[in-house]
Amino acid sequence: MLLKLENVEKTYRDFTLRCSMEVAEGSITGLIGANGAGKSTTFKALLGLIRTDGGNMEILGKRQGDFTAKDREDIGVVLAESTFCGTLTVKDAAAVMENMYRKFNRKAFLDKCDGFGLPLEKQIKDFSTGMKAKFKLLCAMGHEARLLVLDEPTVGLDNVVRSEMLDEMRRYMETDGRAILISSHISSDLEGLCDDLYFIKNGEILFHEDTDVILSDYAVLKVSRQQYGDLDKRYVSYRKEEPFGYKLLTKEKQFYLDNYPSLAVEKGNIDDVMLMMVKGEKVEGLK
Amino acid sequence: MKGLLVKDLKIIMQNKTMLAVLVIIEAVFFVMQEADGMGFVIAYMMMGCGMMALSTVTMDEHDKSMGFLMTMPVSRRDYALEKYVLTFLCMLAGGLAAFLPYGLLLSGEAGRMFTAVMGIVPVMVVIQMVALPAQMKFGGEKGRIVLACIFAAVMLVMIAVEKIGKQYGGQPWLRDLVKEVSDGIRKTGTAGAVGIAAAVCAVCIWISYLASRRIMEKKEF
Chain A
176 MLLKLENVEK
186 TYRDFTLRCS
196 MEVAEGSITG
206 LIGANGAGKS
216 TTFKALLGLI
226 RTDGGNMEIL
236 GKRQGDFTAK
246 DREDIGVVLA
256 ESTFCGTLTV
266 KDAAAVMENM
276 YRKFNRKAFL
286 DKCDGFGLPL
296 EKQIKDFSTG
306 MKAKFKLLCA
316 MGHEARLLVL
326 DEPTVGLDNV
336 VRSEMLDEMR
346 RYMETDGRAI
356 LISSHISSDL
366 EGLCDDLYFI
376 KNGEILFHED
386 TDVILSDYAV
396 LKVSRQQYGD
406 LDKRYVSYRK
416 EEPFGYKLLT
426 KEKQFYLDNY
436 PSLAVEKGNI
446 DDVMLMMVKG
456 EKVEGLK
Chain B
92 MKGLLVKDLK
102 IIMQNKTMLA
112 VLVIIEAVFF
122 VMQEADGMGF
132 VIAYMMMGCG
142 MMALSTVTMD
152 EHDKSMGFLM
162 TMPVSRRDYA
172 LEKYVLTFLC
182 MLAGGLAAFL
192 PYGLLLSGEA
202 GRMFTAVMGI
212 VPVMVVIQMV
222 ALPAQMKFGG
232 EKGRIVLACI
242 FAAVMLVMIA
252 VEKIGKQYGG
262 QPWLRDLVKE
272 VSDGIRKTGT
282 AGAVGIAAAV
292 CAVCIWISYL
302 ASRRIMEKKE
312 F
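As given, the protein sequences belong to chains A and B, one line each in that order. Heads up: take any position in the first sequence, counting from 1, add 175, and you land on our numbering. Heads up: take any position in the second sequence, counting from 1, add 91, and you land on our numbering.
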């Protein structure tokens, strides 16, 4: 495991994070959740930017307490709200990183920035949102880190550039021994990129599943009230009331396809799962 | 720490207007007051350049880049230490830039130059040593307010001391105390005075650095 969080706790006045998760070598793990669910707090906790109230964290095989500043050369980070000081230029940032990271290749970094259309001598504060997002991601990937921790890296990017940046991440993973932990609001990014997903709500991990399983086995059933009454609900995990009856989330799509051919069964995707978990009511165990 | 220094020097160099203002004001005072303005110009340049170093803390806070910096291979202690190194480099650069023209002008008056420098450098160092932890603790706007409050408090204490001195100046015990202290300083000679000033500065720097280090270690981003 390149990253392991065990019962990590952080309490604020009106919010408590209780989080356990793992990121395996060679995998891209997504963290999804609504605004304020605890994604950024989780990232800050694992990066040591906030003090935790309990739990254990291991990064690249080291306990967080033993993880030194030098060890951070092996981590590349995108934070949702911060990057280099806005008065610096891309060239300035390259000069800073050259003096911070032993594996940073200044020429390759500047070539890449240039290739992605970033002006090398313009102040970062004058960049568009999309340009800033590209710059942050290229900085994180510029020093051969083993683990990338990316908090909302594709925010503000148009579809074309987003696709290019996702391809960059895939290329990054072609080298052995690496892993990425990424959060995003854009589920299509995560569906096409992540090997597994954690879903966080109100500071707690509600759900962890392989992306392939979500796409192949999960489904949303649309049932009338009468159909709901007759339904075998053993495999229904969430229920959401709708004008026509209920929407139900299940992990056993095939069971309902085989046994209830007349039901409307929609193939599951990350948006559906997230929406059902946020807006729906947990019905696990109901018969 | 080298990376942090590079970053801050780049930030300072971006602030060309402030650098130009510092140089122009120095030139104006140099031309207008010649040797009489030496103490002021040295103090002004040291303070101005020290403040530019201080402003890099504000910039880090303002753009929320401090959190990002802490994900890079630098420790919180490195960050605090770098701000002190930067401040002294900037003050040294400012002091030298102010001193060199006077050095040429008063090349035969080493004593006069020495007195001017010795009178002002410790004061500037102490001011910066108060300002740095305040800026790290409270950030940009609040930091400036806290700093203004600290200096206002120092002024009040000085006024109070002056008033007490006037009120009790006639008291024999106070006269004796003042005499003893001034005699003591006189006896130590120039080297002693420099030593005392250096020791006071060193203690201030150490206390200030420890405070800044602690502030950074406790900070959450």
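Cβ atoms here follow ideal geometry from the backbone N, Cα and C, with glycine treated the same way. Source: prediction; values computed, not measured.
In this structure, the beta-carbon distance from A:A220 to A:K185 falls below 7 Å.
Any Cβ of chain B closer than 7 Å to the Cβ of A:V252 would place that residue at the interface, and such an atom is present. Annotated as proximal: B:A222 and B:L145, with beta-carbon spacing under 7 Å.
Those residues of the region 400-413 of chain A placed with their C-beta closer than 8 Å to a C-beta in chain B do not exist.
For B:E311, the residues of chain A that pass the 9 Å Cβ criterion are K219, L224, I225 and R226, in the order they occur in the chain. Taking a beta-carbon distance threshold of 7 Å, B:S156 counts as an interface residue toward chain A.
As a beta-bridge residue in DSSP terms, A:I203 pairs with A:I355. Under the Cβ distance rule, B:T162 counts among the residues neighbouring chain A, one pair being separated by less than 7 Å. Taking a 10 Å sphere around the C-beta of B:D274, we find fewer than 16 other C-beta atoms and assign the residue as exposed. Of the residues A:A212, A:F242, A:T258 and A:E248, the one whose Cα lies closest to the Cα of B:E152 is A:T258. For B:G94, the C-beta contacts it makes with chain A under 9 Å involve A270, V271, M272, E273, N274, M275 and Y276, in order along the chain. For the region 191-256 of chain A, the continuous beta strand (DSSP E) assignments of 3+ residues that do not extend past its boundaries occur at 203-207, 229-234 and 250-253, in sequence order.
Taking B:V291 as reference, the option from B:M220, B:K310, B:A302 and B:R168 with the minimal CA-CA separation is B:M220. Runs of the alpha helix (DSSP H) spanning 4 or more residues and lying entirely within the region 131-161 of chain B occur at 156-160, in chain order.
Listed along chain A, the residues sitting closer than 9 Å to B:M150 by beta-carbon distance are C260, G261 and T262.
Taking C-beta atoms under 8 Å as the contact rule, A:L254 and B:E311 fail to qualify, at a distance of about 14 Å. In this structure, the CA atom of A:Y431 is about 19 Å from the CA atom of A:E416. The beta carbon of B:I102 falls within 7 Å of a beta carbon belonging to chain A, placing the residue at that interface.
With respect to the 7 Å criterion, A:G420 and A:R400 are classified as neighbours on the basis of their beta carbons. The shortest C-alpha to C-alpha distance from B:G141 to any of B:D154, B:F131, B:Y175 and B:L268 is the one to B:Y175. Fewer than three beta-carbon pairs drawn from the region 234-244 of chain B and the region 156-166 of chain B are found closer than 8 Å, and the two stretches are therefore not classed as touching. Listed as beta-bridge partners of A:G420 by DSSP are A:E417.
At a C-beta separation below 7 Å, A:R247 has these neighbours in chain B: T162, M163 and P164.
By the criterion of a C-beta distance shorter than 7 Å, A:E273 is surrounded in its chain by F279 and R281, once the five residues flanking it on both sides are discounted.
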